[in-house]
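Undergrad: Sequence order for the protein chains is A and B.
The numbering used here numbers the first residue of the first sequence as 1 and each following residue consecutively.
The numbering used here numbers the first residue of the second sequence as 1 and each following residue consecutively.
We put the CB at the ideal spot given by N, CA and C, even for glycine.
Small disclaimer: the values here were computed from a predicted structure and weren't measured.
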Amino acid sequence: MEDSLVIGGRELRSRLFIGTGKFSSNRIIPEVVKSAEVQVVTVALRRIDFESKDENLVQYIPDDCIIMPNTSGARNADEAVRIARLARAAGCGNWVKIEIVTDNRYLLPDNMETIKATEMLAKEGFVVLPYMSPDLMAAKRLRDAGAAAVMPLGAPIGTNRGLRTRELVKILINEIDLPIIVDAGLGKPSEAAEAMELGAAAVLVNTAVATAGDPVQMAKAFNLAVKAGRLAYLAGTGAVKEYAEASSPLTGFLSDNA
Amino acid sequence: MNLKMNGKTVEAEENISLYDFLVSKQLEPERLIVELNFEIVPKEQWKDVVLKENDSIEVLRFVGGG
């Protein structure tokens with residue numbers, strides 16, 4: 001069965017997006033991308049550090065991947081717009097993940113500034129995927145501002161705590177006619193599967209893979225979990241009940257007196 | 001002459017082009033992004049843009065991020 005996800009006019013077969021931060025070495029990124037079978041890879045934009053000889057990250061990202069720069073470091077809409085324009089000038093396409101954060105302890109996004117940045121960048125022709133706190137009204141405003149998808153957090157960035165925002169994410173899935181991509185906080189493949197079973201269009205993970213004992217194997221585990229969760233969603237899960245309901249017939253027992 | 005690059009004061013030859021300046025800093029111009037006085041400079045123009053005293057240059061590149 002063909003089950004592809006279309007974002008910004010691109011048809012994606014993979015519903016797992018991956019971030020490139022925190023890997024012990026960038027050299028394993030090609031293998032991670034391969035075992036995860038991802039098509040969308042996030043990166044960040046930073047000043048060149050002249051003190052240390054750092055390498056060109058992009059060389060490790062396969063050519064057929066969509067590179068999605070984030071606007072991390074932005075504290076308001078104007079800074080996010082500036083970063084997005086700079087990233088586009090690198091010649092890696094026009095996708096952008098908006099990430100506007102002023103809270104340093106929980107790294108929770110500023111929905112209001114994110115809506116403003118989404119509107120400005122969508123008008124400039126960017127494919128805008130905003131990272132947001134799962135709030136229905138904010139998601140509606142992001143949709144109206146021209147977002148290509150909406151990316152609510154599962155838990156704070158880098159915490160591996162799982163889908164703590166489950167009830168709110170479900171509301172977005174029900175009410176917003178855009179792909180809902182759970183971004184941040186998912187720590188285990190089972191949690192990615194949970195998001196997909198709920199009806200998420202995709203998930204974005206970074207820390208869970210990058211800091212795993214074996215990132216390449218963990219990438220594969222997430223790949224399989226996302227596929228399993230998606231299949232389960234499409235298949236339609238059975239009803240949840242309070243009391244037992246036998247799976248075997250309740251007649252014809254050996255002790256029955258016919 | 002003095003320039004500001006990524007917030008620090010650096011020396012550069014008079015009348016140097018942006019491209020030659022980047023090369024002089026041992027940078028590989030591939031995949032770099034440059035902002036000159038808060039304006040993005042497209043790569044095609046790097047050889048034509050001549051730097052002036054007190055120009056402010058931001059040189060960026062992609063790094064790992066989620």
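(1) Does the distance from the CB of A:Phe156 to the CB of A:Ser133 come in under 8 Å?
(2) Compare the C-beta of B:Ile57 against all C-beta atoms of chain A and say whether one is closer than 8 Å.
(3) Note down, one range per segment and in chain order, each beta strand (DSSP E) of at least 3 residues found wholly within the segment 30 to 59 of chain A.
(4) So which residues on chain B does A:Ala44 lean against when the C-beta distance must stay under 9 Å?
(5) Starting from A:Tyr131, trace the alpha helix (DSSP H) in both directions and tell me its first and last residue.
(6) A:Gly19 touches chain B at which residues, Cβ-Cβ below 7 Å?
(7) Starting from the C-beta of A:Tyr233, find all residues in its chain whose C-beta is less than 7 Å away, skip the five residues before and the five after it, and write them out in chain order.
(8) Going by the DSSP bridge assignment, what does A:Lys74 pair with across the sheet?
(9) With contact counted as at least three CB pairs below 8 Å, one residue from each stretch, are the segment 73 to 90 of chain A and the segment 116 to 127 of chain A in contact?
(10) How about the segment 32 to 51 of chain B and the segment 22 to 35 of chain A: do they share at least three Cβ pairs that are nearer than 8 Å?
(11) How many angstroms separate the CA atom of B:Leu3 from the CA atom of B:Lys43?
(12) Straight-line CA distance for A:Ile98 to A:Thr71?
(13) Just to confirm before moving on: does the CB-CB distance between B:Gly7 and A:Thr42 stay below 8 Å?
(14) Looking at the secondary structure, which residues open and close the alpha helix (DSSP H) in which A:Glu197 lies?
(15) With DSSP as the reference, label A:Met137 as helix, strand or coil.
(16) Does A:Arg15 get closer than 8 Å to chain B when you measure Cβ to Cβ?
(17) Using the C-alpha atoms, what's the distance from A:Asp183 back to A:Val169?
(18) I'd like to confirm the pairing. Which residues does DSSP put opposite A:Ala202 in its beta bridges?
(19) Give me the Cβ distance between A:Asn223 and A:Leu16, rounded to the nearest whole Å; I'm assuming they're in contact under 8 Å.
(20) In terms of residues, what are the limits of the beta strand (DSSP E) holding A:Arg10?
(21) Listed in chain order, which residues of the segment 12 to 42 of chain B have Cβ atoms closer than 9 Å to some Cβ of chain A?
(22) Using the C-alpha atoms, what's the distance from A:Ile67 back to B:Val23?
(23) What are the partner residues of B:Thr9, as DSSP defines its beta bridges?
(24) Pick out whichever of A:Lys34, A:Asn56, A:Glu167 has its Cα sitting closest to the Cα of A:Ser14.
(25) What separation, rounded to the nearest whole angstrom, lies between the Cα atoms of A:Asp49 and A:Lys22?
TA: Here's the rundown:
(1) Looking at the sequence itself, residue 156 of chain A is Pro, so the reference to Phe does not match. It is not a contact, given that the beta carbons lie outside the stated cut-off.
(2) For B:Ile57, the answer is no, since every Cβ of chain A falls outside 8 Å of its Cβ.
(3) The qualifying runs are 40 to 47.
(4) Correct list: Phe62, Val63, Gly64, Gly65, Gly66.
(5) Here A:Tyr131 belongs to no alpha helix (DSSP H); instead the beta strand (DSSP E) covers 127 to 132.
(6) The CB of A:Gly19 comes closer than 7 Å to the CB of Gly65, Gly66 in chain B, given here in chain order.
(7) Around A:Tyr233, the same chain offers Met196, Glu197, Gly199 as residues with beta carbons nearer than 7 Å, after the five sequence neighbours per side are excluded.
(8) The sequence shown places Ala at residue 74 of chain A, not Lys. In the DSSP assignment, the residues bridged to A:Ala74 are A:Ile100.
(9) They touch, by the three-pair rule.
(10) Because the criterion of three Cβ pairs below 8 Å is not met, the segment 32 to 51 of chain B and the segment 22 to 35 of chain A do not touch.
(11) Distance from the CA atom of B:Leu3 to the CA atom of B:Lys43, rounded to whole angstroms, is 20 Å.
(12) Taking the straight line joining both Cα atoms gives about 5 Å.
(13) Not in contact: B:Gly7 and A:Thr42 (Cβ atoms no closer than 8 Å).
(14) Unbroken alpha helix (DSSP H) run through A:Glu197: 189 to 198.
(15) Helix, per DSSP.
(16) Not an interface residue.
(17) Their Cα atoms are separated by approximately 11 Å.
(18) Paired residues: A:Ile181.
(19) Contact between A:Asn223 and A:Leu16 holds: CB atoms are separated by about 6 Å, below the 8 Å threshold.
(20) A:Arg10 -> beta strand (DSSP E) spans 10 to 12.
(21) Among the residues of the segment 12 to 42 of chain B, those with a Cβ less than 9 Å away from any Cβ of chain A are Lys25, Gln26, Leu27, Glu28, Glu30, Arg31, Leu32, Ile33, Val34, Glu35, Phe38, Ile40, Val41, Pro42, in the order of the chain.
(22) Between B:Val23 and A:Ile67, the C-alpha separation is close to 26 Å.
(23) Residue pairing by DSSP places B:Thr9 opposite B:Lys4 in a beta bridge.
(24) Cα-wise, what sits closest to A:Ser14 is A:Lys34.
(25) Inter-residue distance for A:Asp49 and A:Lys22 is about 17 Å (C-alpha atoms, whole angstroms).
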